[in-house]
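The structure appears right after this line, and notes come after that.
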Amino acid sequence: MATVTKTVEVPVPVREAYNQWTQFESFPHFMEGVEEIHQLDDKRLHWRAKVAGKDVEWDAEITEQIPDTRIAWRSLDGRSNAGVVDFHRISDGVTNISLQIDAEPEGLVESVGDRLGFLDRQVEGDLKRFKEFIAER
Numbered sequence: 001m002a003t004v005t006k007t008v009e010v011p012v013p014v015r016e017a018y019n020q021w022t023q024f025e026s027f028p029h030f031m032e033g034v035e036e037i038h039q040l041d042d043k044r045l046h047w048r049a050k051v052a053g054k055d056v057e058w059d060a061e062i063t064e065q066i067p068d069t070r071i072a073w074r075s076l077d078g079r080s081n082a083g084v085v086d087f088h089r090i091s092d093g094v095t096n097i098s099l100q101i102d103a104e105p106e107g108l109v110e111s112v113g114d115r116l117g118f119l120d121r122q123v124e125g126d127l128k129r130f131k132e133f134i135a136e137r
């Protein structure tokens, strides 16, 4: 299993960063490869994405949610993945976001991509795009 941890500072208060992150259906605006997310209920999400050129779908559940502080999840089927996002107040208008993702590469292409640091670069890019996305709002 590949584990990636990245952080980014965003120019908004903690509440605003957290509230935007929990708008899961907006993820395709800043997450590479994510095509669609549907929130099925308070705890479950259905993901549709393109990974290593293949269309994939899976359901995930939120396993921990502490307002303005943390969101953790794990996949229920399909793609094996889990993670946690922590929100830390730096100042009234700056928040540090820490994202850790654990994902199991599937097949040769993904395994090679993992060894080449693809997931690491993708997570870093996703956080950078989130910063731009929220700063523009």
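Those letters in the sequence shown? Residues 1 to 137, by the numbering used here.
Even glycine gets a Cβ: it sits at the ideal position worked out from N, Cα and C.
Quick one: is residue i buried, meaning 16 or more other Cβ sit within 10 Å of its Cβ, or exposed?
i, result
"I134", "buried"
"S91", "exposed"
"I66", "exposed"
"L108", "Below a pLDDT of 50, predicted positions are generally treated as unreliable, and L108, at 47, falls in that range; the measurement from the model is reported next regardless. Per the 10 Å Cβ criterion, exposed."
"L76", "exposed"
"T63", "exposed"
"L142", "This structure cannot settle anything about residue 142, because the visible part of the chain is limited to 1 through 137."
"M31", "buried"
"L40", "exposed"
Please classify residue i: does DSSP put it in a helix, a strand, or coil?
i, result
"D77", "coil"
"E32", "coil"
"E25", "helix"
"V14", "helix"
State the start and end residues of the unbroken alpha helix (DSSP H) segment that holds residue i.
i, result
"K128", "118-136"
In the DSSP assignment, find the beta strand (DSSP E) that holds residue i and state where it starts and stops.
i, result
"A52", "Where A52 is concerned, there is no enclosing beta strand (DSSP E), given that its DSSP letter is neither H nor E."
"D41", "Looking at the DSSP string, D41 is not in any beta strand (DSSP E), and its letter there is neither H nor E."
"D102", "94-103"
Just confirm the distance between the C-beta atoms of residue i and residue j, as a whole number of angstroms; I'd bet it's less than 8 Å.
i, j, result
"I101", "W21", "At roughly 14 Å, the Cβ-Cβ gap does not stay under 8 Å, so I101 and W21 are not in contact."
"E9", "V94", "6 Å"
"R48", "E61", "In fact, because the Cβ distance is near 17 Å, the residues do not count as touching under 8 Å."
"F130", "V14", "That pair is no contact at about 14 Å."
"I97", "T3", "Rounded, the Cβ-Cβ distance is 17 Å, inconsistent with contact."
With a threshold of 8 Å between beta carbons, is residue i in contact with chain C?
i, result
"E57", "Of the protein chains in this structure there is only one, and it is not chain C."
Closer than 7 Å: is that where the CB of residue i sits relative to any heavy atom of the ligand HEM?
i, result
"R74", "Of the ligands one can find in the structure shown there are none, so the ligand HEM has no counterpart to examine."
Quiz item: Okay, do the region 119-132 and the region 49-64 touch, 3+ Cβ pairs below 8 Å being the bar?
Solution: no
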